[in-house]
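First up is the structure itself, then whatever we jot down about it.
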Amino acid sequence: MKGLFNFTEVATYFFRKKDPNRKSNFNLRTMHTINKISILMFLAGAIYFIVTHI
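Residue numbers (our numbering): -13 to 40.
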């Protein structure tokens, strides 16, 4: 049960430092932006679902 509520990977995804050695392009930045938006939407929906059913 302890591993089910481990959100460190999600939190570190939002607060990572940019690697200066890695090349950045538009497609990669867009992919990460869409991933961040989808994670936030999922968490908002999960919180809404929990609040409305309690």
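Note that beta-carbon positions come from the ideal geometry of N, C-alpha and C, so glycine has one too. Fair warning: this is a prediction, and the values are worked out from it, not measured in the lab.
- For the pair Ile36 and Val(-4), the CB atoms are not nearer than the 8 Å cut-off.
- Across the structure, Asn7 and Tyr(-1) are spaced so that their CA atoms are roughly 18 Å apart.
- Linking Ala30 to Ile23 through their CA atoms gives a straight-line distance of about 10 Å.
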